[in-house]
Structure formats: C-alpha cells, structure tokens
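Engineer: Encoded as structure tokens, here's the structure I'll be asking about.
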Amino acid sequence: MGDGGGGGTETTAGDGATEEETTQAETTEGAETTEGTGTGTPDVEGQIADDSSEDLEVTNRELYRTDGNVGLRGTVTNTSEQAYESAEVEVTLQDDQGEVLYEFIDETEEAETDTLTPGGEWQFDVVFEEAQMNEVRTYTISVEGDEAQTTGDEPVGSTETTTSA
4 MGDGGGGGTE
14 TTAGDGATEE
24 ETTQAETTEG
34 AETTEGTGTG
44 TPDVEGQIAD
54 DSSEDLEVTN
64 RELYRTDGNV
74 GLRGTVTNTS
84 EQAYESAEVE
94 VTLQDDQGEV
104 LYEFIDETEE
114 AETDTLTPGG
124 EWQFDVVFEE
134 AQMNEVRTYT
144 ISVEGDEAQT
154 TGDEPVGSTE
164 TTTSA
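Using the numbering used here, you'd call the opening residue of the sequence shown number 4 and step up by one each time.
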C-alpha cells in the first residue's frame with residue numbers, strides 16, 4: 004500500500020507509448036475545480052464526501068485522460084495513529100442536477116498490499132470505463148477503510164466463562 008498503485012489499469016498505445024493528457028488541479032479543503040485541456044479532460048468539479056473516513060485523507064487528486072479513457076488518480080494518507088489493513092475509494096459522477104450517473108470503486112486487496120501504517124500513503128486510480136463524460140459536471144470521492152488489529156486486541160464477539168461447582 005505504501006508505494007504500490009491502486010487497482011486501476013493503465014492503457015498504452017500499440018507502440019508501448021502512453022498518450023496522456025492531465026488537468027491542472029488545485030486541491031483545497033474538500034473542493035477542487037478541474038480545468039480541461041482543450042479536447043482532453045472535461046471540466047469537472049470535485050469534492051470529498053462528508054461521510055469519508057476522518058483518518059484516511061485524500062491529499063491530492065488529478066482528473067486525467069489516457070488513450071480515450073478518463074479517470075481520477077490520487078493519494079490517500081493515513082492521518083491516524085492506527086494502521087489500516089484495507090482502504091477503498093468510491094467516486095460518483097453526477098450531472099448538472101446532482102443526479103448520480105455512475106459509481107466507480109478502487110480498493111486494496113489484503114493479499115496484494117501491506118497495511119497502511121500511520122502516516123502511510125496509498126495511490127488510487129479509478130478509471131471511468133464507458134462513462135459518457137459529456138454528461139458529467141461533478142464528482143464526489145468517498146474513502147473508507149478497515150483498521151488493522153494489533154497484538155493485544157481482543158477478538159470481536161463475546162466470550163463466555165463457565166465454572167464447575
């Protein structure tokens with residue numbers, strides 16, 4: 004998780020070169036306006052969902068276009084004192100009325116990554132496959148995660164003690 008990529012894919016041209024256009028993005032507290040680059044990336048505003056984990060913070064994000072695919076990549080930072088064994092980023096795309104058009108998820112897999120330690124970072128990449136981007140005006144990012152159990156944590160559930168007389 005610390006230095007690995009997300010579950011997204013990268014598309015390359017037939018000659019092995021990657022054609023990519025990225026946006027000029029400025030991240031602020033919870034809101035971002037993404038400026039398109041001509042016929043490249045569409046003009047879309049982004050925000051962080053109110054119900055995202057407080058301990059997993061999106062520290063940067065970038066809307067991009069690669070070989071006709073549009074996506075969002077960025078970094079999630081663990082700002083807590085607790086390690087996380089998994090993290091998930093969900094991106095919803097909305098129209099100009101705020102109606103959800105599409106939902107996309109990039110999540111870590113326990114078998115593919117180490118835990119996200121306190122202060123650690125995870126790179127996510129969500130590709131908006133088959134989305135009609137001309138309809139999209141905003142996106143919302145939601146981040147969730149599962150805290151790792153540490154040595155000394157008691158198992159979840161109840162324990163029963165019986166004694167004989």
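Glycine residues also receive a C-beta, built at the ideal position from the N, C-alpha and C atoms.
When the Cα atoms are used, what is the spatial distance from glutamate 88 to isoleucine 108?
Structural biologist: If you take the alpha carbons of glutamate 88 and isoleucine 108, they lie about 17 Å apart.
Engineer: Between aspartate 58 and the rest of its own chain, which residues show a CB-CB distance below 6 Å, the 5 nearest in sequence each way excluded?
Structural biologist: If we look at aspartate 58 and ignore the five residues flanking it on each side, its Cβ neighbours are Thr82 and Ser83.
Engineer: Could you give the DSSP three-state label for glutamate 214: helix, strand or coil?
Structural biologist: The displayed coordinates of the chain run from 4 to 168. Any statement about residue 214 would go beyond what the structure contains.
Engineer: Can you give me the Cβ contacts of glutamate 124 inside the same chain, cut-off strictly under 6 Å, excluding the 5 residues immediately before and after it?
Structural biologist: Excluding positions up to five away in sequence, the list reads Thr78 and Thr80.
Engineer: Which residues in the same chain have their Cβ closer than 6 Å to the Cβ of glutamate 150, if we skip the five residues on either side of it in sequence?
Structural biologist: Cβ within range, chain order: Gln85 and Tyr87.
Engineer: What first and last residue would you give for the beta strand (DSSP E) that runs through glycine 123?
Structural biologist: Taken as a continuous stretch (DSSP letters only), glycine 123 belongs to no beta strand (DSSP E), as it is neither H nor E.
Engineer: Where glutamate 133 and leucine 104 are concerned, what is the direct C-alpha to C-alpha distance, given to the nearest angstrom?
Structural biologist: Cα to Cα, the separation comes out at about 12 Å.
Engineer: Keeping to the same chain, check which residues put their C-beta closer than 6 Å to that of glutamate 147; ignore five residues upstream and five downstream.
Structural biologist: Once the five neighbours on either side are set aside, the close Cβ partners of glutamate 147 are Ser56 and Glu91.
Engineer: May I ask you to report which of helix, strand or coil DSSP gives glutamate 138?
Structural biologist: Three-state DSSP puts glutamate 138 in a helix.
Engineer: Run through the DSSP bridge pairs and tell me what glycine 148 is partnered with.
Structural biologist: BP columns for glycine 148 point to Ala90.
Engineer: Do valine 47 and threonine 120 have their CB atoms nearer than 8 Å?
Structural biologist: Not a contact, by the Cβ cut-off of 8 Å.
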